[in-house]
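Heads up: the structure comes next, in structure tokens.
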Amino acid sequence: MKCLTHAGGGLLLFVFLGIGIAKAQQDPLTSQYMFNQLAFNPSYAGINNNANVTLNSRFQWQGFEGGPKTYTFTASTSLVGGKVGLGAALINDELGTNKNTQGQLSYSYKIQQADKTFSFGLQTGFMTVKVDDSSLNLKVSDDPFFQGNTESVTKVNFGAGVSFMSDHYFVGFSVPRLINSKFESGNINTVYERHFYITGGYVVQVSPTIKLKPMVLLKGVKGAPLSADINVSALLINQLWVGAFTRNFNTYGLMAQFEFMNAYKIGYSFEMLSNGTEGNGLLTHEIMLSADLAIFSHQSIFQRFF
42 MKCLTHAGGG LLLFVFLGIG IAKAQQDPLT SQYMFNQLAF NPSYAGINNN
92 ANVTLNSRFQ WQGFEGGPKT YTFTASTSLV GGKVGLGAAL INDELGTNKN
142 TQGQLSYSYK IQQADKTFSF GLQTGFMTVK VDDSSLNLKV SDDPFFQGNT
192 ESVTKVNFGA GVSFMSDHYF VGFSVPRLIN SKFESGNINT VYERHFYITG
242 GYVVQVSPTI KLKPMVLLKG VKGAPLSADI NVSALLINQL WVGAFTRNFN
292 TYGLMAQFEF MNAYKIGYSF EMLSNGTEGN GLLTHEIMLS ADLAIFSHQS
342 IFQRFF
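Each residue of the sequence shown is one higher than the last, beginning at 42 in our numbering.
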């Protein structure tokens, strides 16, 4: 147990050093990351010693034509008596004529001792950046400067992450893309920078029927301010999560997740941008469906907090 506790302390030190080395944030946003971090941390694969499938749909800036839409599907399972995890993620991110698709395969190895788990993960995958000008709705259909071209570029990348978890707290650090990728082809000319993710959370029993869980997600990329997502949620009568969050103190939102049979979750969140810009007041909606499954003999279903 001392070994894992020291590992957790070392991870925390590594996490806060990582902040100092972290162009604008480019990865898709999500407000319901609390129960599924596989999309940005490969060490999360199989960490809860069961199988999981999750679908997340995010519709950003409703009322603004061409606003971002993000669809994320993840699946993972533990193997080899819970020591190994495998995962897969598919992410489709749309903004106007830009459509980015990511596919990821993850592997994790876990060291467990009592209620503590240290997990190290690696991933490989691809990203396709696509510009589809043919989807534009032009007021002048015979514009000679508009060709209606569709172009795409695909790059392969690799990522890594570590997590330390107990029954009541979680901390993680990950770099889902270790290599900066430059996409060039016709109208496409962009560089996707290396991003750093830091997560941490803690569960407190405040009454026999209420648990409180503060959680934070920090995201850094070279040349841009650190992004901070701060969330505080409460579990009521072991079935309903309700919470509030802020992102960089210029976006605020509320969320609710209903949990039943300790295995299934239905979540909804909405957020509003409030920073005095032109997009002030635009709403974002996010829907999440998740299921924990016990498909192997070593797996079990239980109420989890991370």
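Each residue gets a CB set at the ideal place from its N, CA and C atoms; glycine is no exception. Because the structure is a prediction, the values reported are computed rather than measured.
Just mark residue i as buried or exposed, buried being the case when its beta carbon has 16 or more other beta carbons within 10 Å.
| i | result |
| --- | --- |
| Gln280 | exposed |
| Pro15 | Because residue 15 is not part of the residues shown, which for the chain are 42 to 347, the question remains open. |
| Met256 | buried |
| Ser310 | buried |
| Ile220 | exposed |
| Val247 | exposed |
| Met168 | buried |
| Thr71 | buried |
Beta-carbon separation of residue i and residue j under 8 Å?
| i | j | result |
| --- | --- | --- |
| Glu312 | Ser98 | no |
| Asp270 | Leu258 | yes |
| Phe211 | Phe347 | yes |
| Pro83 | Ser149 | yes |
| Gly166 | Ser119 | no |
| Gln67 | Thr325 | no |
| Ala304 | Asp333 | yes |
| Tyr233 | Ser222 | yes |
| Ser274 | Asn291 | no |
Tell me whether residue i sits in a helix, a strand or coil according to DSSP, three-state version.
| i | result |
| --- | --- |
| Gly122 | helix |
| Pro83 | helix |
| Leu276 | strand |
| Met75 | coil |
| Glu327 | strand |
| Phe159 | strand |
| Ile88 | coil |
| Thr240 | strand |
| Met296 | strand |
| Leu127 | strand |
| Gln164 | strand |
| Phe343 | coil |
How would you write the range of the beta strand (DSSP E) that residue i sits in, first residue to last?
| i | result |
| --- | --- |
| Phe199 | Thr191 to Met206 |
| Ser338 | Counting along the chain, Ser338 falls outside any beta strand (DSSP E), and DSSP gives it neither H nor E. |
| Val244 | Neither: Val244 is in no beta strand (DSSP E) and is coded neither H nor E. |
| Ile307 | Tyr305 to Leu314 |
| Phe290 | First-last for Phe290: undefined, no H or E at that position. |
| Ala92 | Ala92 to Gln103 |
| Met256 | Ile251 to Val262 |
| Ile152 | Asn139 to Gln154 |
| Glu225 | Ser222 to Ser226 |
| Asn230 | Ile229 to Tyr233 |
| Phe347 | No beta strand (DSSP E) contains Phe347, which DSSP labels as neither H nor E. |
| Phe214 | Tyr210 to Val216 |
If you compare alpha carbons, which of the options is closest to residue i?
| i | options | result |
| --- | --- | --- |
| Val121 | Asn91, Ser222 and Gly107 | Asn91 |
| Thr191 | Gly202, Val172 and Val203 | Val172 |
| Met170 | Asn228, Phe205, Trp102 and Ile342 | The sequence shown places Val at residue 170, rather than the Met named in the question. Of the candidates Asn228, Phe205, Trp102 and Ile342, the one whose C-alpha sits nearest the C-alpha of Val170 is Asn228. |
| Leu163 | Ala155, Asn221, Lys157 and Lys151 | Lys151 |
| Gly202 | His209, Tyr238 and Val232 | Tyr238 |
| Ser215 | Ala332, Gln103, Phe199 and Ser331 | Phe199 |
| Ser338 | Phe159, Gly123, Met206 and Ser248 | Gly123 |
| Gly137 | Leu127, Glu106, Ala116 and Thr113 | Glu106 |
| Gln78 | Glu234, Lys110 and Gly241 | Gly241 |
Within the 8 Å Cβ cut-off, does residue i reach chain B?
| i | result |
| --- | --- |
| Thr95 | Note that chain B does not occur in the displayed structure, where there is just one protein chain. |
Would the beta-carbon of residue i be found less than 7 Å away from any heavy atom of the ligand HEM?
| i | result |
| --- | --- |
| Ile220 | In the structure on display, the ligand HEM does not appear, and there are no ligands present to speak of. |
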